[in-house]
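Novice:
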Amino acid sequence: MLSCEVSLYPMEVADSDQVINQALASLQRHGVTCEVGTMSTYISGSPEQVWESLKTLYDAASTKAKELSMVVTISNSSK
Numbered sequence: 010m011l012s013c014e015v016s017l018y019p020m021e022v023a024d025s026d027q028v029i030n031q032a033l034a035s036l037q038r039h040g041v042t043c044e045v046g047t048m049s050t051y052i053s054g055s056p057e058q059v060w061e062s063l064k065t066l067y068d069a070a071s072t073k074a075k076e077l078s079m080v081v082t083i084s085n086s087s088k
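Okay, so the sequence shown: first residue is 10 according to this note's numbering, each after it adds one.
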């Protein structure tokens, strides 16, 4: 099991919420557990699922925002 906290910051876009929500919607096909908060999203699943989800999230957001920042904290701890 792997989990992460990720924050996505699209820059120089008119509606950053739309970019973030569309990127989050792209995670549904990975079978990960997502808990969306106001400032970050928690993702958990197998290591392969989580790593692929992070790539998908970044790729989806980068199609809508030329510049973005993604901050990720990853843990393999069960606590």
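Using N, Cα and C, we set each Cβ at its ideal position, and we do this for glycine too.
So, Ser84 versus Ser12, is the Cβ gap smaller than 8 Å?
Specialist: Cβ atoms of Ser84 and Ser12: closer than 8 Å.
Novice: How is Glu14 classed by DSSP in three states: helix, strand or coil?
Specialist: It is a strand residue.
Novice: Measuring CB to CB, does Ala70 end up less than 8 Å from Ala34?
Specialist: Contact flag unset, no.
Novice: Considering only the beta carbon of each residue, do Leu17 and Leu63 sit closer than 8 Å?
Specialist: No.
Novice: Closest by CA to Ile29, which one among Pro56, Glu76, Gln58?
Specialist: Looking at the Cα atoms, Glu76 is the closest of the given residues.
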